[in-house]
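Notes to accompany the following structure.
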Amino acid sequence: KKDFSMLMPFEWYSKWIGGEYYTLQSFLYFIVLPLLCVIPWGDSLYTDIKTGYTKNLFIRGKKGHYYAAKYISSFFSGGVIAVVPLLVNIMLSCATLPSLVPETAAGTNPIFSTSMWADLYYSFPDIYVILYMLIIFVYGGLFTLTSVTLGAFVENRFIVILMPFIVYLFSYTVLGSFGFAEYVPYYFLSPAQKVNGISLDIIVIEAMLLFLITGLVFIYK
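In structure tokens form, the structure reads like this:
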């Protein structure tokens, strides 16, 4: 019979919603993340154009100022929406579980020796979580920017809101099925790193591509 009193207790790093990958809650949050980010602000440019609000603004000020403000506010809106629920979950986890440094021998943590930032996770887990929250913040902003950018050209509001989520699901299904899961945002946005092979290069390159596309569109407008 196993003596559970001698086992290392679970620390919050491996039990918060971003620190594990086997519960329904974790799956649902990261699968609907683009939709959560887009709903509050993603159709704002589309609405401004359809209601004629932009015409009133352009009479009183420069178009460039409006589009720059829209770009910045959209990015920060999506980023905040992406990380605030996770921060609340972290606080609740910290209130119920100890803040012990993860132990590799315990076998209760999702990060392996080959995972990105594995040394950092097992040495300074707080810094690991902070850096990953920054990544999630950036991608949350990019999801919203993608939707706002579509609002300048697409006539259907539902397409504006749903397109980032559809592309997100498409990458999850297709790339995951053909063995390129490490390129799928659903997998690498989870701090638990749901698949092997995730690297910072992949995360940065995909983020830069989205910034480039949305930025060029806003500059064009």
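Letter by letter, the sequence shown follows residues 1 to 221 in the working numbering.
Glycine included, each C-beta is placed from N, C-alpha and C at the ideal position.
Keep in mind the model is a prediction, meaning the values are calculated, not measured.
Review point. CB of Y67 to nearest heavy atom of the ligand MN: below 7 Å?
Key: The model on display carries no ligand, and the ligand MN is accordingly not part of it.
Practice item. May I ask you to verify whether the stretch 160-175 touches the stretch 28-43, counting CB pairs closer than 8 Å and requiring at least 3? Key: Three or more Cβ pairs drawn from the stretch 160-175 and the stretch 28-43 lie within less than 8 Å of each other, which places the two stretches in contact.
Check your understanding: Between L150 and V88, what straight-line distance do the alpha-carbon atoms span, to the nearest angstrom?
Key -> About 31 Å.
Review point. Going by the beta-carbon positions, is the gap between T104 and G42 smaller than 8 Å?
Key: Taking 8 Å as the Cβ cut-off, T104 and G42 do not qualify as a contacting pair.
**Study point:** C-beta atoms of T51 and Y66 nearer than 8 Å
**Key:** Not in contact: T51 and Y66 (Cβ atoms no closer than 8 Å).
Point to revise | Sequence-distant residues of the same chain with beta carbon closer than 7 Å to E11, five excluded per side | key: Excluding residues within five positions, the ones whose Cβ falls inside 7 Å are L97, P98, S99, L100, P102.
Exercise for review: Could you work out which residue in Y13, L169, L57, F218 is closest to C94 when comparing CA atoms only?
Suggested key: If you compare the alpha carbons of Y13, L169, L57, F218 with that of C94, the shortest gap goes to Y13.
**Study point:** Reduced DSSP secondary structure (H/G/I, E/B, other) of W12
**Key:** The answer is helix: DSSP assigns W12 an H, G or I state.
Review point. So, is L209 buried or exposed, given that buried needs 16 or more other C-beta atoms within 10 angstroms?
Key: Counting C-beta atoms within 10 angstroms of its own C-beta, L209 has fewer than 16 neighbours from the protein chains shown and is therefore classed as exposed.
Point to revise | Residue burial classification, Y225 (beta-carbon count within 10 angstroms, cutoff 16) | key: Lying before the first or after the last residue shown, residue 225 is absent from the chain, which here runs from 1 to 221.
Check your understanding: So what's Y29 in DSSP terms, helix, strand or just coil?
Key -> In the three-state scheme derived from DSSP, where H, G and I count as helix and E and B as strand, Y29 is classed as helix.
Check your understanding: Curious, which full-length beta strand (DSSP E) runs of at least 3 residues does the stretch 159-221 contain?
Key -> For secondary structure counted as the beta strand (DSSP E) over 3 or more consecutive residues, the stretch 159-221 holds no complete run.
Point to revise | Chain-order list of residues whose beta-carbon lies under 6 Å from that of F188 (same chain, five-residue window excluded) | key: Excluding sequence positions up to five before and after F188, its CB lies within less than 6 Å of the CB of I198, I203, all in the same chain and listed in chain order.
Exercise for review: Using three-state DSSP, classify V138 as helix, strand or coil.
Suggested key: Correct three-state label for V138: helix.
Review point. Quick one: what does DSSP say Y128 is sitting in, helix, strand or coil?
Key: Y128 falls in the helix class under three-state DSSP.
Practice item. Please report the residue range of the alpha helix (DSSP H) in which T114 lies. Key: Looking at the DSSP string, T114 is not in any alpha helix (DSSP H), and its letter there is neither H nor E.
Review point. Of all the options Y183, S44, L45, S190, which has the alpha carbon lying nearest to the alpha carbon of G18?
Key: Comparing Cα-Cα distances from G18 to each of Y183, S44, L45, S190, the minimum goes to S190.
Check your understanding: Can you give the beta carbon distance from G141 to F76, rounded, assuming they're within the 8 Å contact cut?
Key -> Confirmed, Cβ separation roughly 6 Å.
Exercise for review: Check whether the Cβ of I203 lies closer than 8 Å to any Cβ atom in chain D.
Suggested key: As a matter of chain content, chain D is missing from the structure shown, which is built from one protein chain.
Exercise for review: State the Cα-Cα distance for the pair G78 and T114, rounded to the nearest angstrom.
Suggested key: G78 and T114: Cα-Cα distance of roughly 31 Å.
Exercise for review: Kindly indicate which three-state DSSP category Y21 falls into: helix, strand or coil?
Suggested key: Reduced to three states, the DSSP call for Y21 is coil.
Review point. Is Y220 buried or exposed, if buried means 16 or more other CB atoms sit within 10 Å of its CB?
Key: Exposed, by the Cβ-count rule.
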